[in-house]
Structure formats: structure tokens, C-alpha cells
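Residue numbers (our numbering), protein chains in the order written: chain A, 559 to 935; chain B, 213 to 401; chain C, -6 to 367. The structure appears right after this line, and notes come after that.
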Amino acid sequence: MPTGLFGLNPWLDGVIRLLIIVGLMTVVAMGLIYIERKVLGRFHARIGPQRTGPFGLLQSVADALKLVGKEDLRPRNADPWTFEFGPYLVFIPIFLGFVVSPFMAGFTVRVLDLGILYFVAVSSVSIVGWVMAGWGSDNRYAMIGGMRAAAQAISYELPFVLSLLSVSMLAGTLNINEIVEAQTSVPNIVWQPLAFIIFFIAALAELNRPPFDIPVGESEVVGGPFVEYSGIRWSMFFLGEYASLFIMSILISALFLGGYEWPFGTQLGIGWQLVLTVIKASMLIFLIIWVRASVPRLRIDQLMGYAWKILLPLSLLQVLVNGFVLVYDLPKLLLTAAGLGGVFLLVWLTEHAITRPRESRATAAATAATLQSEAAS
Amino acid sequence: MTSDETNEAPAPVAAVAATAPLLGSMWPEVDKALDGITARGEQGVLDVIVHIPPTEIIRGLRALKADTKLKFDYLRSLTAVDNEEEGIDIVYHLYSTTGRHNLTVKSTLAPDHLFIDSATTVWRAANWLERETAEMFGVRFNGHPDPRTLLMPEDMDDTFPLRKDHPLAEIEVLQGEGMGYADGDGEDQ
Amino acid sequence: MVIESAHEFETQDLLLNVGPQHPSTHGVFRMVMQVDGEVVRDIIPYIGYLHRGAEKLCETMDYRQGIGFMDRTEYLAAMNAELSYVMAVEKLAELEVPDRAQWIRMILVELNRLSSHLMFMGAFGIDVGVFGTPFIYAWREREAIIDLFEEISGDRMMYAYLRPGGLAWDVPANFVPRCREVLTAVRQGIADFDGLLTKNEIFIARTQGIGIVSAADAIDFGMSGPSIRASGVPLDVRREEPYLKYDEIKWDVITATEGDVYARYLCRLAEMRESVKIVEQCLDRLQPGPIMPEKMPRMLRTPPGEVYIRTEAPRGEFGIYMVSKGGNRPYRLKVRSACLSNLQALKHMSVGLYVADAIIVLGSIDIVLSEVDR
């Protein structure tokens, strides 16, 4: 893999790559905002943006111009350091995650041997930015949103990492490009259906997308940690959210759906590989938007309970089964069978968790009633 | 102490044009439930109206709620009517969910003594209704757990908008007959 | 401002101010929540932001002008509000409403109930967190109903169409086929909502077991409408004291037993189906005829008297207490608002729940602030 893309001095080469990343990310994020509005509009039986430019294509540009022109408000009592640096801490790690995303063979910005570890470590830093934004805004809604975001990110980090672990166990490496190249004949989703579903759910939670968007719950805490930000600063959060959506989709398609490798292999030119990657990522993005349009929001304790009590044990189970099959060299079909069984178990457990009789809420309400009557008397 | 069954109430606020007899209505049972409480009944347009003096109103309401045949467990509405010189009437509309009958209970307060006991101990529904009546008419409900203003701003607790002596702004008629300023009262009252 | 609470870890309760400008308070409503972490310890509602003095103003309006005020008192169910008012006037003045006017009134009132419940579905969906989808579905069906109302009365929201004695003018000639079109659209809308929300696991997890009111508490608080019927009390004014022609057609009172938010949602969903049934039966029984009694005076005067008339508005029992001392305007008009009585129980329902749940409970009571504040 070439150290210099354009055969230049490696430092200059690094700077050019960084500029490409930044430019690409911004364009991608703006495009994704437009796509989400259109697709969401279709789900809502309406059309979405259609007036700014042909088919409303310039809507994101108009939004960006508007945000740039807004006054940069700062609450008087906002903590200056945390308020200022929160947004940066949110979107810089996402840009860093771009470094290991495999778009096509040989054109990853940097192929790291510890690719997955790097990605997980770096993307976890952005949650610090959320909490900083929540605390520094001097606003109770922001603080509640920041706390919720921290709790959610911590809870879903474990299923996230464990499902990544299952995939890397299969390929025997943490290098993302090698995992992609190991999927020449069969994508990983065939061997690891349970890990795929758990990773998808955990990724939605890490992205703070519905149904896990309670930190940014629009109907209650109205924007959560970002409620006091305006203009360019707010657009940083927004861009960061959509950029990370894109990167997560690329990653899921690379790790589970075969990336640029399946089904045609590397004989395909790099142009077609890019198209393949983008098609797979688009399918996932469509799925994520579809979920947003259809499902209500989970409450914070239900969300955390789901992660700790259902997803975590199942992902540990998946790792265990993987280890068993790989160490004793059993046929890989066993993985598929166990995975499908695990999927049914997940669905059954979720259903059971929803429909079990709810004594705990009733007793909570009863104690609240006695508290209240004592207070009134 | 004694309750008289009269068809002709002496110049009350709501006298029906045609005097309607109280027989055949629920007045006898109400009378029995309110035994020991000064109560005077009359037949309104739809409901039987019971007049109870303000000193005994809570006992009367409790008796009506507790009575096994009447069982007025639902307080529909609690409001007041300003009758200028004759005082302010506090009006309670009661309903029984089991027996499906209505009753109107009235209590007249003298214009210089606008105090009455709160009915929140009888039905919790009276809470906000009494707050609103208090701020609109200047009536004090003794024993109310939360006597803040409900609809009016907190600092405006000395104006009582629904009293008859509280003025309305001049109404400007902008089209049709009578263009110009009309005063607040029309030709009839 | 923080309040010390008696905990071992010396935590402080947070005073969270929700509103008056907030996307989920359904109008200008303010509540101060005392929150311990995520658990609500106390709620203090502040209302009165939309108080316009309707009761005082109606004392200066004659019986036709007052109808416009009743529209604005409950703008989502304006036909119901107007109906209570004109029924009170008719009772005082002893007017006989012709049959055709009664059937048409029933159709309009039930259509208004449908549009109001659709609005609830939309707003409730947003509260629960499904961004946009139920809202737009609700609006699509409401458009059908509101277009019909515009054809009849000329206005999309403030109809001023009912008059003491009957209606202002007769409905257009294509009223019955138009109504049937509207009903087809609404049936599809109800099916859409049912499919989207009712069996959705997250929706059930969010709404079941939350905001429970027992039947005895609901009666004590004076609640009415779907909020009390979901607690198992079959209190429906249309059944208890039938007005218009409700005793001449077949329909059911919808009750549920749990009294939680999910039960209220189901009640409203089923009530929409009942309303569709009622409108269909009324359309079948509609005959040509007069819509006002023959000898209506130009300026309506009522003899002295007082009356309390109640009707079943979509949110509960909308009552009008009218005192007349002769003349052409009421001496005292009291609007008994269903939402005010329902809102009293908010604190009782939400203490001990999480913040997110308290918002959903508020949404499930389905308040419209113009009725609370008048």
C-alpha cells in the first residue's frame, strides 16, 4: 500500500489526505441530510424538500448558508472551556474514524493492524464531547440530555465491542481490510446473524438515532445537550451525526456484508468497488431511516435495561459459541445454526420483556401516592 | 332545622316563570338526606335546586354524598353568580354516577361576608374549581389547601373580574347598525 | 433554584420548568417539575396563559354572538362547544329543534369528535417519539373532515354554524355522498394508526402501566371523557342523559379497565370507530325538512331561569351553566371545561414516574388549553 498517494513528501501527502477527508465528509453529511429528509418525507406521505434547486437538491446548501449566517449565541453563565470545546470533541473523533473506513482496495487512508480497536477507541471519545456540551450549557435540559447520552453510550459500548470481537474472531485479525478480504466467498452475516443484529442495534444507540434518541428527544428535552448552541457550532453536531451515520454504515457493510470484496472479488476495478460499497451502505442507511420513521422512542431505563440484560448476555453467548467452534475446528455451519437460534432467542426475550406483568411500576406509583398524601396532610 | 317545601321561593335569583311543583322530583329524598340542615328547595328548569346557608354547606354536601340512595359522588361544576345587592351565590352541580341524577346546590353569601368552607374535603374535584371561583369573585374558601390564583396572574389578586361592578372595556361597533361606540349594556338589562 | 432532599448522598432535586413554550405541552401550559435524577417528585401546573375572559364577555353578547365565543373556547371540537351553548339557550327559551337539524347536528358533532381524536393520535405519536409519521397520517384524514366542514360552514376551524333552534343554513346538496367519502378516508386512517402504533412493542412498553388512575379517584377528581372511561367507569353523557338523537341509534360506550395511558389510547381509537358507525346511521336516517322552527324571533329573548346543559365533547363533559334574567343575553355563563377537571389529576397520575413518562401522561389526558383557560 503506497505511503505517498501522489508520490509526494509524506507530510504533505498526509495533509492532502486530511483535506480530502474533511471535504468528503462535509459533502457526504450534507448529502445524507438531504436524503434523510426526502426518504423520511416519503414515509410520511409527503414529498420533502422540492423547491430549492431541482428536486430540492440545494436544500442542504441553503441550510448550511443559513447556519453560517446565524448569530453565535452563548449563554452568559456557560462554562467557557467546556461550552467552546464540546462540539470539537464531538466531531473530530468521527473524522478520525474515517481514517480506517475501507472504501476500496488500496485506498483506505491508513490500514492499521489494530483497525477495529482504533475505531472503537476513537469513536468513544465523542461521548465526552456530548457531556461537555451538556454541562457547559448551564441549562437543565442540556444537563439531563448529557447524562442520558453518557449512560446510553456506556451501556451500548459493550454489545458493540463484543459483536465486533465475534467478527474479528472469525477472521483472526483486527485489521479491517483483512476482514473484508476474508469474505471473498461468503459474507460474515451468514456466519454471524446474531452478531449482525446486535451490532446494528448497538450502532443505532451509539449514533443516538431513533429509537435510541432520548438524549436528543425532541419532544421532551428539545435537543438535549445541543439546546443552547446556534449557528456554526450547532451545525458541527449535526454534521458529526450524519458523518458518523455514514461511517457506521460503511463499517457494517465492510464487516458483515462483505464490503467491496463480495460477491465479485478484487478483480473488479476500483470504480466498481466503490459503487458496491456505496450500494451496501445505502441499503443500511435506508434501513436506519426506515426505523426512524416507524418506531417510538425508548425511555432511558428501558434502553439501558435492554443493553445490559438482553444484548450483553447474548453477545457474550455469541463470543462463546464462536470460540467453541473455532478452537475445536467444527464446521462453520454450526455458527449459522447457533446464530439463527440466537436471533430467535433475542426476539423472544424482547417480546417477553415487553409483555411481562408490570408489578414494579404499580408499586412505584403506590409508594408515590402514599408520599403525596403524607405531604398533603 | 325545618325545611319547607315551597313552590314559590321569595324572589330568588332563578325563579322559573311558571311555578313548577316539587312533587314527583327527587326533592323528598333530598329533604330526607338533609335532615337537620336548613334547606329550601325549588324546581329549576331542569334540576332541583337546593338552597343551603353557607354555615352548613359542607355538612349538607357530605350528607348528600354519603346518602345511600342519592350517592352524589361526582362534583360536576362549582361556580358563583354575582347577584349584586343580594350577595354572591356559590353554585354546586352534583351528579350521581350510580343513580344518574343531578342536583344543584346553592349557597348565598352576603356581600360583606364572602367566606365559605372549602369543599375539597368532600370531592377533590373542587380544588381548582374553587381556586377559579375565588379569584374571579373574591370569595374566600376556608381550609382550601392551595389558595393561589389559577387563571389570573399571581400579583393580580385584588381584582375580581367576574363581579358585576368590574367594568368591561367599551365595545366599538364597526359595522352594521349602531355604528360608533355602544355602552356595555344593551337595551335590555 | 434547587431544593434539598433528604437523601443519604446529599443529592439535590432539580426544578425543571416545562413550558410555556415547549413542543409537547400542547399549547401554552407551564409545569414545574421537581425531579430527583429522572424521577418526578412533584408537579406544579401553571395555567391561565390563554385566558381571554370568555365568560365575562359572553355576558355582553346576545345569544347569537356568543356562539363565536364558544368556538374559540374549544377550537378542536368547536361543534361540541357550540352545541352545548345552543342547547342551553333552547332549553331556556323552550325552542323545539326540527328533526333534520338534530340529525345534521349529530353528524357534525361526531365528525368533529373524529377530527379531534385524530389530532390526539398525531400529537401523542410525537410525544411518544415516532417523529412525524402518525402526525402526518392524522393530518391527512383531518384534511378530509375539515374540507367538508369548510364546504358546509365556510370556515375550517371556527364554524359558528349552529344556531339556537337549529342551524344557520342548510347543508349543501351533496352532503350525504361527501360524508360517505370522508368516512371512507377516515376508516383508512384509523386502520393506519392501528397498524402503526397499537401492537408496536416499544409503544406498549412506553405506555402500559403508566399514569394509572383508579375508578374511584377518577370520579373523585371529576374527570370525564375517555380519560375516565379508560379506568372502567362507563360515564358517557350521550348514554346517561341522551341529547339529540343518541337514544334512537345503536352505539356502544367504550371502556377499558386498566386506566393507564395505553388504555386511554385504545379507548380513543375505538371511539373513532364508534363515531364512524354513528355517522353512518345518521346519514341513513336523514330526511329533508326544515332546519329552524317556523316562528323564530329576530332577537331571541329568554325568560328568567337557569340551566346546566352538558354534552359529551371529545375530551369529556363540556357543560354550560347559563343564568338568564330575561333579555337577550345571559346574566352569567359558566363553561364547565372537561380539560380543566382532567388536568387536576395530572399530579396524582405522574408523581413517581420518570420525566419522559410525565410528558406522555400529559399527552394522554389530551388537553386543549383554550378550554382549560377559556
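The C-beta atom is built at its ideal place from N, Cα and C for all residues, glycine as well.
Please name the residues in the region 226 to 251 of chain C whose beta-carbon is closer than 7 Å to at least one beta-carbon of chain B, in chain order.
The region 226 to 251 of chain C vs chain B, Cβ under 7 Å: Val226, Leu228 and Glu233.
How about A:Ser618 and A:Gly599: do their beta carbons lie closer than 8 Å?
no
Any beta-carbon of chain B closer than 8 Å to the one on C:Phe22?
no
Could you name the residues that DSSP lists as bridge partners for B:Thr320?
DSSP output for B:Thr320 lists B:Asp301 as bridge partner(s).
Using a Cβ-Cβ cut-off of 8 Å, state whether A:Ser946 counts as contacting chain C.
A query on residue 946 of chain A cannot be resolved here, the shown segment of chain A reaching from 559 to 935 and no further.
Compile a chain-ordered list of the residues in the region 837 to 865 of chain A whose CB is closer than 9 Å to at least one CB of chain C.
Arg850, Ala851, Ser852, Val853, Pro854, Arg855, Leu856, Arg857, Ile858, Asp859 and Gln860
May I have the straight-line CA-CA distance separating C:Val361 from B:Ile264, to the nearest angstrom?
35 Å
Using only CA atoms, which one of C:Val21, C:Thr248 and C:Ala256 lies nearest to C:Pro227?
C:Thr248
C:Arg325, enclosing beta strand (DSSP E) - first and last residue
Arg325 to Arg329
Euclidean distance between Cα positions of C:Glu144 and C:Ala86
About 30 Å.
What is the rounded straight-line gap between the Cα of A:Leu511 and the Cα of A:Gln750?
Here chain A covers residues 559 to 935 and nothing more, so residue 511 of chain A does not appear.
Compare the C-beta of C:Arg199 against all C-beta atoms of chain A and say whether one is closer than 8 Å.
C:Arg199 has a beta carbon lying within less than 8 Å of a beta carbon in chain A.
Run through DSSP, which three-state label would C:Val246 get?
coil
Nearest to B:Arg274 (by Cα), restricted to the options B:Asp367, B:Asp370 and B:Thr333:
B:Thr333
Are A:Phe641 and A:Arg632 touching if we call contact CB-CB under 8 Å?
yes
Does any CB atom of chain C fall closer than 8 Å to the CB of A:His910?
For A:His910, the answer is no, since every Cβ of chain C falls outside 8 Å of its Cβ.
Would the region 825 to 836 of chain A and the region 656 to 665 of chain A be scored as touching if the rule is three or more Cβ pairs under 8 Å?
These segments touch.
Along the region 47 to 58 of chain C, what residues have a CB closer than 7 Å to any CB found in chain B?
Glu48, Lys49 and Thr53
In this structure, how does DSSP classify A:Pro645 when only helix, strand and coil are distinguished?
helix
Is the beta carbon of A:Ile828 less than 8 Å from the beta carbon of A:Val597?
For A:Ile828 and A:Val597, no; Cβs fall outside 8 Å.
Chain-order list of residues whose beta-carbon lies under 6 Å from that of C:Leu9 (same chain, five-residue window excluded)
Met26 and Val28
Mind pulling the chain A residues with CB within less than 9 Å of C:Tyr130?
His602 and Ala603
With B:Glu268 as the anchor, note down where its beta strand (DSSP E) starts and where it stops.
Premise fails: B:Glu268 is in no beta strand (DSSP E) and is neither H nor E.
Flag C:Gln386 as yes if its beta-carbon sits less than 8 Å from any beta-carbon of chain B, otherwise no.
The structure shown does not extend to residue 386 of chain C, since chain C spans only -6 to 367, so no value can be given for it.
Note down the Cα distance separating C:Pro91 from C:Trp162, rounded to an integer number of angstroms.
13 Å
Please list, in chain order, the residues of the region 686 to 704 of chain A that have any C-beta partner in chain C closer than 9 Å.
Under the 9 Å Cβ criterion, the region 686 to 704 of chain A contributes Arg698, Tyr699, Met701 and Ile702.
Under 8 Å Cβ to Cβ from C:Gly319, same chain only, skipping five residues before and after it: list those, please.
Arg294, Thr295, Pro296 and Pro297
Within 10 angstroms of its Cβ, does C:Glu287 collect 16 or more other Cβ (buried), or is it exposed?
exposed
Could you say which of C:Gly30, C:His19 and C:Gly282 lies nearest to C:Val348 if we only look at CA atoms?
C:Gly30
Proximal residues of chain C, C-beta to C-beta of A:Pro633 below 7 Å
Result: empty, since nearest Cβ-Cβ is about 15 Å, beyond 7 Å.
Mind listing the chain C neighbours of B:Trp419? Cutoff is C-beta to C-beta under 9 Å, in chain order.
Residue 419 of chain B is absent from the model: chain B starts at 213 and stops at 401.
Taking B:Thr345 and B:Thr291 to be in contact with their CB atoms under 8 Å, please state how far apart those CB atoms are, rounded to whole angstroms.
6 Å
Candidates C:Gly158, C:Asp210, C:Glu305 and C:Glu83: closest to C:Arg93 by CA position:
Taking only the C-alpha atoms, the option nearest C:Arg93 is C:Gly158.
Element boundaries [beta strand (DSSP E), containing B:Phe327]
Run containing B:Phe327: Phe327 to Asp329, per the beta strand (DSSP E) assignment.
Three CB pairs or more closer than 8 Å across the region 263 to 282 of chain C and the region 96 to 105 of chain C:
yes
In the structure shown, what three-state DSSP assignment does C:Glu299 receive?
Collapsing the DSSP output to three states places C:Glu299 in a strand.
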